[in-house]
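Worksheet for the structure shown next.
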Amino acid sequence: MVNLRSTLITTSFVVATALVVSKAVGIKEDDISTSHVLDVEIIEESTFESMDYYALQNGLKTLALNASTLRIVNQSDLYFTRPDGLLYNNAGEEIAFQAKEGKFKNLKEELFLDGDVVFKASDGDYQARELYYNGSKDFLEAKGTIEAKLLDSSTKDKINISSNYMSSWINEQRSLFIGDVNGQVKRDRVYEGSFSFKSERMELNRNKSLITLNQNVFLERNNYDLQAQRAEIFLENYNKKLKYYVLYDDIKLVEQLNTSEGNSQTRRAYSEKLEGYMSQGKIVLTGAPRVEQGDDLIKGYQITLRENVELVEVEEAQSSFKLKKEKE
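Reminder that position 178 of the sequence shown reads as 499 in this note's numbering, one-by-one numbering, no gaps.
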């Protein structure tokens, strides 16, 4: 005699199984591909102490590093403390670096350094609080207490600069400095002297041997102290009969003269534009220029001053005059 209860259970199981099978047969590949699958990323990490690390790519050196601690993530990205290392750019040139800590992203050739950074590249030496270098773009960015020592390849002038921010396009030989910029240009020939400058913004183009200064510009050279809002310095024109520097807007010049009587005298000049010719030792003032020298006030369309020479040359005599100030 057939057990009715067992028969019902068996029949129900067969029907349910048939429904599941028929449903599975009806599943399309697109349904599988669009189903929600949990992505799991496996991260491999290795940590070392007092480690020497070397990396090669296509048989060429890319990185040599000594670090107090080194963490390698996925055999690619590096995190380190107290690094003392060498990077190799696409031209095979060495770039040396040191810092308190940093990281290197191998895929994008990005180097991040933090704390007492020292960075020495083919175009110059740098120090900063923070520094970022992109090897694929040959781009450099630094922040905080920056010191840069650069060389103009054409004139061999040594250019020392400090600022709060810097970005540099190394291949293009272009640099930008912003914030409390101070600098000095030293000529290759020691007897040709040097000059110092200050501004809020500085652009340096070594392909053109050109320095551009903006905002609260100060220049100091020999007996001259100059102030303006903007300045251009053409490094290649030092020994040429061409303008070496040009100042614009709200110009003030202060010069200490040694007179023919053997006395010291202060000469002050004001204008809207000033051109300096180093080879001739002269300065040309235009834009409502005026000169105060001793008790004299001199005005004209264009005034020419020569370094440490009392004589003042004035063009357009009809618009120039000389006044003797009343003595108290």
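In this text, a Cβ means the ideal position worked out from N, Cα and C, and glycines have one as well.
Keep in mind it's a predicted model, so treat the numbers as computed, not measured.
Closest by C-alpha distance to residue i, when choosing among the options
| i | options | result |
| --- | --- | --- |
| E596 | Q623, T587 and K464 | Q623 |
| D473 | N485, S443 and S483 | S443 |
| Q505 | W490, N526 and I532 | I532 |
| G406 | K382, R508, S397 and L428 | K382 |
| K458 | M599, N492 and R508 | N492 |
| L377 | L408, R392 and T390 | L408 |
| K426 | K464, L399 and I604 | L399 |
| Q396 | E414, D373, N481 and E366 | E366 |
| E582 | L386, E631, D373 and T625 | E631 |
| R527 | N537, I554 and L547 | I554 |
| L391 | N503, Q536 and R403 | R403 |
| Y598 | D373, K564, E576 and M372 | K564 |
| V605 | S389, T625 and E613 | T625 |
| E430 | N410, K441, M372 and G380 | N410 |
| S496 | L574, Y512 and L534 | L534 |
| D616 | P610, Y375, T587 and I416 | T587 |
| E524 | V511, V538 and Y512 | V538 |
| N558 | Q601, R522 and N543 | Q601 |
| A417 | N379, V635 and G456 | G456 |
| N560 | K603, W490, L434 and V635 | K603 |
Three-state secondary structure (DSSP) of residue i
| i | result |
| --- | --- |
| E637 | coil |
| V567 | strand |
| E582 | coil |
| N560 | coil |
| S356 | Low confidence applies to S356: its pLDDT is 43, below 50, so where it sits in the model is not reliable, and the reading given next is rough at best. Coil at S356, not helix or strand. |
| V511 | helix |
| M372 | strand |
| E631 | coil |
| R589 | strand |
| I364 | coil |
| G597 | strand |
| Q419 | strand |
| Y622 | coil |
| L428 | coil |
| E524 | strand |
| Q396 | coil |
| K470 | strand |
| Q577 | strand |
| I554 | strand |
| R495 | strand |
| T476 | coil |
| N485 | strand |
| R403 | coil |
| G465 | strand |
| K458 | coil |
| G436 | strand |
| A609 | coil |
| S412 | In the sequence as displayed, the identity of residue 412 is Ala instead of Ser. A412 falls in the coil class under three-state DSSP. |
| N379 | coil |
Proximal residues to residue i (C-beta, below 7 Å), its chain only, five neighbours per side dropped
| i | result |
| --- | --- |
| G608 | S592, E593 and K594 |
| N579 | S585 and N629 |
| D570 | A549, Q550, R551 and E593 |
| V633 | V612, Q614, I619, I624 and L626 |
| E722 | Past the edges of the chain, shown from 322 to 649, lies residue 722, and the structure says nothing about it. |
| L428 | S397 |
| D373 | N387 |
Residue i Cβ short of 7 Å to the ligand PLP heavy atom set
| i | result |
| --- | --- |
| I393 | Absent from the structure shown: the ligand PLP. Ligands present: none. |
Rounded Cβ spacing between residue i and residue j (contact assumed at less than 8 Å)
| i | j | result |
| --- | --- | --- |
| K424 | G436 | Their Cβ separation, rounded to whole angstroms, is 13 Å, which puts K424 and G436 out of contact at 8 Å. |
| K507 | K479 | 4 Å |
| N481 | D501 | The Cβ separation is near 15 Å, so there is no contact. |
| A388 | F401 | 4 Å |
| L547 | L556 | Not really, about 17 Å apart at Cβ, beyond 8 Å. |
Spatial neighbours of residue i in its chain, beta-carbon cut-off 8 Å, leaving aside the 5 residues before and after
| i | result |
| --- | --- |
| L329 | Below a pLDDT of 50, predicted positions are generally treated as unreliable, and L329, at 38, falls in that range; no measurement from the model is reported. |
| Q494 | D444, S474, N526, R527 and N528 |
| V394 | I364, E365, E366 and Y400 |
| E521 | I499, G500, D501, V502, N535, Q536 and N537 |
| N544 | E576, Q577, L578, E628 and N629 |
| Y375 | K382, L384, A385 and L386 |
Close Cβ partners of residue i (< 6 Å) along its chain, the five nearest in sequence each way excluded
| i | result |
| --- | --- |
| L432 | F425 and Y454 |
| D509 | K477 |
| D446 | K470 |
| R438 | For the record, residue 438 in the displayed sequence is Val; it is not Arg. A420, A449 and L452, listed in sequence order. |
| M487 | A463, I467 and F498 |
| E613 | R589 |
| V567 | E553 and E596 |
| T368 | R392 |
Inter-stretch contact (C-beta, 8 Å, three-pair minimum) for the stretch 512-524 and the stretch 446-466: Output reads no: the stretch 446-466 does not touch the stretch 512-524.
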